[in-house]
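Down below is the structure, laid out as structure tokens.
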Amino acid sequence: MKKSRKVTVLALCASLAMVLSYVESLFPVFVAVPGVKLGLANIAVVFALYSLGFWEAGVVSLVRAVTLGLLFGNGASLLYSLAGACLSLAGMAALKKTGLFAPVSVSVAGGVLHNLGQIAMACLLLETNVFFYYLPYLILSGTLAGIAIGLLAGYLVRRIRISP
Amino acid sequence: MGKRDLWLIGGLLLLAAALFLSSWLLGRPGAYAVVRVDGREVARYALTQNGTYELNGGTNYLVIQDGAARITEADCPDRLCVRQGWISKAGQVITCLPNRLTVTVYGPDGGVDVYM
Chain A
480 MKKSRKVTVL
490 ALCASLAMVL
500 SYVESLFPVF
510 VAVPGVKLGL
520 ANIAVVFALY
530 SLGFWEAGVV
540 SLVRAVTLGL
550 LFGNGASLLY
560 SLAGACLSLA
570 GMAALKKTGL
580 FAPVSVSVAG
590 GVLHNLGQIA
600 MACLLLETNV
610 FFYYLPYLIL
620 SGTLAGIAIG
630 LLAGYLVRRI
640 RISP
Chain B
2 MGKRDLWLIG
12 GLLLLAAALF
22 LSSWLLGRPG
32 AYAVVRVDGR
42 EVARYALTQN
52 GTYELNGGTN
62 YLVIQDGAAR
72 ITEADCPDRL
82 CVRQGWISKA
92 GQVITCLPNR
102 LTVTVYGPDG
112 GVDVYM
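Quick mapping for you: the protein sequence lines, in order, are chains A and B.
Using my numbering, the letters of the first sequence map in sequence onto residues 480 to 643.
Using my numbering, the letters of the second sequence map in sequence onto residues 2 to 117.
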């Protein structure tokens, strides 16, 4: 892929991730557990992971977390978000690398790990052990959201050709 | 989506169900609600003491009634802590991440019997 094309697609993915995160924040939260959300921005991250590669997906994820944290969050929410994003991306890349799983599973792993990373960071910062109390909620919501996001992202990966 | 994907997803859902079930079965009635800000204990109320308490200089309000505790007011935008509702069993927690505040229920011995 030409470098200019790659940079353009990367920028597009990053800005889409930002916008999706923002749009999601406009919806009312329907589960009263901290960290639980749909994770629309993960569509862009999964797409980048499959269409561009690991480092590119990392850039999309980091740009989203940092810009959203600076625009709408505070220091603490930026840290939660970064912890979730890093753990999620590492898990998704590892699962994809095995070559055994479809994008749905990769996205599910990403959703669950994003939740776990966020709450683990919150436990560290707040010095309280709420991790295991919230664990079942986080696994359940991460799995369900991950399925939806993964199906969407898988469809996009098949449909959108960005090379040469 | 193949067989492996279904196994992975099914396994995660089973794990979540098992965790829900164990927390439901192992839950014991609590005796105290402990309020922490940034991990430091700032207040402790017996669940038998009905009343409304101002927390953290007014960012949140805690109500204790008939052995259960809940947050009724919060100044944060999402007010997740309010929507988490009543807690009464040892180990249950209400968290308010924006205000870095948690309310944890402890059993009669002061410790948490099980974190679930």
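Built from N, CA and C at the ideal position, the CB exists for glycine as well.
{"Query": "Taking the straight line between their C-alpha atoms, what separation do you get for S556 (chain A) and V515 (chain A)?", "Result": "14 Å"}
{"Query": "Is the separation between the beta-carbon of L604 (chain A) and that of L558 (chain A) shorter than 8 Å?", "Result": "yes"}
{"Query": "Quick one: what's R71 (chain B) bridged to in DSSP?", "Result": "B:V64"}
{"Query": "Between the Cα of G11 (chain B) and the Cα atoms of A:V488, A:V587 and A:G596, which residue gives the shortest distance?", "Result": "A:V587"}
{"Query": "Under the DSSP definition of a beta bridge, which residues are partnered with E42 (chain B)?", "Result": "B:R37"}
{"Query": "Between the alpha carbons of Y33 (chain B) and D79 (chain B), how many angstroms are there, rounded?", "Result": "26 Å"}
{"Query": "Please report the straight-line C-alpha distance between L541 (chain A) and A520 (chain A), rounded to a whole angstrom.", "Result": "11 Å"}
{"Query": "So, does the CB of T60 (chain B) fall closer than 8 Å to a CB anywhere in chain A?", "Result": "no"}
{"Query": "Roughly how many angstroms lie between the CA atoms of I65 (chain B) and R71 (chain B), to the nearest whole one?", "Result": "7 Å"}
{"Query": "Under 8 Å, with one C-beta from each stretch per pair, do the stretch 92–103 of chain B and the stretch 53–65 of chain B reach the 3-pair mark?", "Result": "yes"}
{"Query": "Going by DSSP, which residues form a beta bridge with G52 (chain B)?", "Result": "B:I65"}
{"Query": "Could you pull out every residue in the same chain whose Cβ sits closer than 8 Å to the Cβ of L549 (chain A), ignoring the five residues on either side in sequence?", "Result": "L557"}
{"Query": "Hey, could you find the ends of the beta strand (DSSP E) V591 (chain A) is sitting in?", "Result": "Looking at the DSSP string, V591 (chain A) is not in any beta strand (DSSP E); the run it does join, the alpha helix (DSSP H), is P582 to L605."}
{"Query": "What does the alpha-carbon distance come out to for the pair N594 (chain A) and S584 (chain A)?", "Result": "15 Å"}
{"Query": "For S24 (chain B), return the contacting residues in chain A, with the cut-off set at a CB-CB distance below 8 Å.", "Result": "Y612 and P615"}
{"Query": "Classify G3 (chain B): buried if its beta carbon has 16 or more other beta carbons within 10 angstroms, exposed otherwise.", "Result": "exposed"}
{"Query": "Please go through the same chain and pick out, in chain order, the residues whose beta-carbon is closer than 8 Å to the beta-carbon of D114 (chain B), but skip the five residues on each side of it.", "Result": "Below a pLDDT of 50, predicted positions are generally treated as unreliable, and D114 (chain B), at 48, falls in that range; the measurement from the model is reported next regardless. Excluding sequence neighbours, D114 (chain B) sits near L27, R29, A91, G92 and G108."}
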